[in-house]
Amino acid sequence: PPDEAATLTRVMAASGEQLDLSVIGKPVADKHSTGGVGDKTSLVVMPLVAACGVPVGKMSGRGLGFTGGTVDKLESFPGIRLDLDAAAFVRQLRDIGLVITGQSADLAPADGKLYALRDVTATVPSLPLIASSIMSKKLAAGADVIVLDVKTGSGAFMRERDSARALAQAMIDIGEAAGRRVAAVVSDMSQPLGRAVGNALEIAEALDTLEGHGPPEFAEFALELASMIVELASSAGAGRVEVEEALRSGAALRAFRRMIEAQGGDTAAFDDRSRLPSASLRRSIASDADGFVARLDALTVAHASSILGAGRERKGDPIDLAVGVVLQARVGDRVAAGQPLAVLHANDEARLDQAERVLRDSISLSPSAVEPRPVILERLLRSSADKPRFGT
Numbered sequence: 043p044p045d046e047a048a049t050l051t052r053v054m055a056a057s058g059e060q061l062d063l064s065v066i067g068k069p070v071a072d073k074h075s076t077g078g079v080g081d082k083t084s085l086v087v088m089p090l091v092a093a094c095g096v097p098v099g100k101m102s103g104r105g106l107g108f109t110g111g112t113v114d115k116l117e118s119f120p121g122i123r124l125d126l127d128a129a130a131f132v133r134q135l136r137d138i139g140l141v142i143t144g145q146s147a148d149l150a151p152a153d154g155k156l157y158a159l160r161d162v163t164a165t166v167p168s169l170p171l172i173a174s175s176i177m178s179k180k181l182a183a184g185a186d187v188i189v190l191d192v193k194t195g196s197g198a199f200m201r202e203r204d205s206a207r208a209l210a211q212a213m214i215d216i217g218e219a220a221g222r223r224v225a226a227v228v229s230d231m232s233q234p235l236g237r238a239v240g241n242a243l244e245i246a247e248a249l250d251t252l253e254g255h256g257p258p259e260f261a262e263f264a265l266e267l268a269s270m271i272v273e274l275a276s277s278a279g280a281g282r283v284e285v286e287e288a289l290r291s292g293a294a295l296r297a298f299r300r301m302i303e304a305q306g307g308d309t310a311a312f313d314d315r316s317r318l319p320s321a322s323l324r325r326s327i328a329s330d331a332d333g334f335v336a337r338l339d340a341l342t343v344a345h346a347s348s349i350l351g352a353g354r355e356r357k358g359d360p361i362d363l364a365v366g367v368v369l370q371a372r373v374g375d376r377v378a379a380g381q382p383l384a385v386l387h388a389n390d391e392a393r394l395d396q397a398e399r400v401l402r403d404s405i406s407l408s409p410s411a412v413e414p415r416p417v418i419l420e421r422l423l424r425s426s427a428d429k430p431r432f433g434t
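Going by the numbering used here, the sequence shown wraps up at 434, each residue one higher than the last.
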């Protein structure tokens, strides 16, 4: 029952440090993604939200599996501090309204103990326990407004759309029971998000997007999520207009730069992308026929990226920030024989050969036109059809 899940989550959140963000003096937002391939969304959404005057802070885990997490990606900025304690987190939130740091072991420590139990009792896939695990950390981190991006498709943790929707709804119910304003989207992860899959490559794409020339479908997704957060935080309906202006004016890019500077990171890459970690080998993969891209399997692209060294198999494994895949086509695009479909960035010839073989398996062409799936499949904005999210 939802009340049991809500109670469990509250107890887990109370098992360690709980951040008090009341000193900020206005609603603070947080965004969570269940993880996907090429998911650099937080790096664009959070600066957009901060530039609209809504403070936004995130404690983010490191990536396990195919690519790095948000914190790993940010290490592409030399010198950046990503181990802020609670006091520094709150101070930066108050001073500049934007902060991303690594997950503190002091937040919801009961979650780690429960996870170890779930691991040996075959309950890792239990939906209410997944919802409680995610939301216990979100509640402990103190945000008033939480927007959740639950991915579905081959490159997602929740492959089936029904399960993704159920998880999103369970997390909304838990958050609302704890008095938070919560909304969610179910988004498509059957193909990677944006074009870049890697760490520094995704930072470059996030910077391009904040400059107004990122991949259009990724930019649209980020604008949509940012608008949801701004509207939830302010209960005004004009979130989209504000967010578009924050992008157009460069305010969001400036907010991101301020955050990197505040955390000691080198911001040279904002003006010169060659200052990001870069790979010594590049190889273009060309289409062997004319046709339409029918499939660009996210999980297989992620596997290719992982072979190159962009992810980690075990906690503590090193990550190569420079390597990965940059796609040159999306599902639905018309391509000609010989046209580049992707570029592999590598630091090792043998890994490059292996990744190329895997990447070729991720792409299928069709002789006839293909309709791509929308990125946002569903929006969950309220806990029941007859009850608006708040106030109005």
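C-beta atoms are modelled at their ideal positions from N, C-alpha and C, and glycine is treated no differently.
In the three-state DSSP reduction, G217 falls in the helix class (H, G or I).
The alpha-carbon separation between G306 and G121 amounts to approximately 6 Å. The criterion of a C-beta distance shorter than 7 Å is satisfied by G351 and D362. Taking 7 Å as the cut-off, the beta carbon of P234 is found closer than this to the beta carbon of A340. When only Cα atoms are considered, K100 and A293 end up about 20 Å apart. With a cutoff of 7 Å on beta-carbon distance, V227 and R421 are scored as near each other. With respect to V70, P97 sits close: the two C-beta atoms are nearer than 7 Å. Three or more Cβ pairs closer than 8 Å define a contact, and the segment 328 to 338 meets that threshold against the segment 362 to 381. When the five nearest sequence neighbours on each side are left out, the beta carbons in the same chain lying within less than 8 Å of the beta carbon of V412 are those of F334, V335, A336, V373 and G374, in order along the chain. Counting of Cβ neighbours within 10 angstroms places H255 among the exposed residues, the total staying below 16. Apart from sequence neighbours up to five positions away, the residues of its chain that approach C94 with a beta-carbon distance below 7 Å are V272, E284, V285 and A288, ordered along the chain. Within the DSSP secondary-structure output, T194 pairs in a beta bridge with M200 and D230. Taken through DSSP and simplified to helix, strand or coil, V113 comes out as helix. In the structure shown, the three-state DSSP call for I361 is coil. Beta-bridge annotation (DSSP): P382 is paired with A328. Where K155 is concerned, the enclosing alpha helix (DSSP H) starts and stops at P151 to V162. Residue state for E262 is assigned as helix, using DSSP reduced to three classes. Between V79 and V343, the gap from beta carbon to beta carbon is short of 7 Å.
As the crow flies, the alpha-carbon of L90 is around 8 Å from that of A297.
In chain order, V385, L386, H387 and A388 place their CB closer than 8 Å to the CB of R324, counting only its own chain and leaving out the 5 sequence neighbours on each side.
A Cβ-Cβ distance of about 33 Å is found for the pair L156 and A92, leaving them out of contact under the 8 Å criterion. Distance from the CA of G110 to the CA of L267, rounded to the nearest whole angstrom, comes to 21 Å. Ranking L116, D125 and I66 by CA distance to the CA of E244 puts L116 first.
M101 has T143 as its beta-bridge partners, per DSSP. Under the 10 Å beta carbon count, L159 is surrounded by fewer than 16 other beta carbons and is classified as exposed.
Shown here for R207: same chain residues with a beta carbon closer than 7 Å to its own, the five before and five after excluded, namely V228 and E420 in chain order.
With a cutoff of 7 Å on beta-carbon distance, T76 and K180 are scored as not near each other. Ranked by Cα distance from L423, the options T309, A310, L318 and V189 are led by V189. Apart from the 5 residues on each side of it in sequence, R123 sits with its Cβ closer than 7 Å to the Cβ of Q305 and G306 in its chain, given in chain order. In summary, E202 is exposed, with fewer than 16 beta-carbon neighbours lying within 10 Å of its beta-carbon over all protein chains present.
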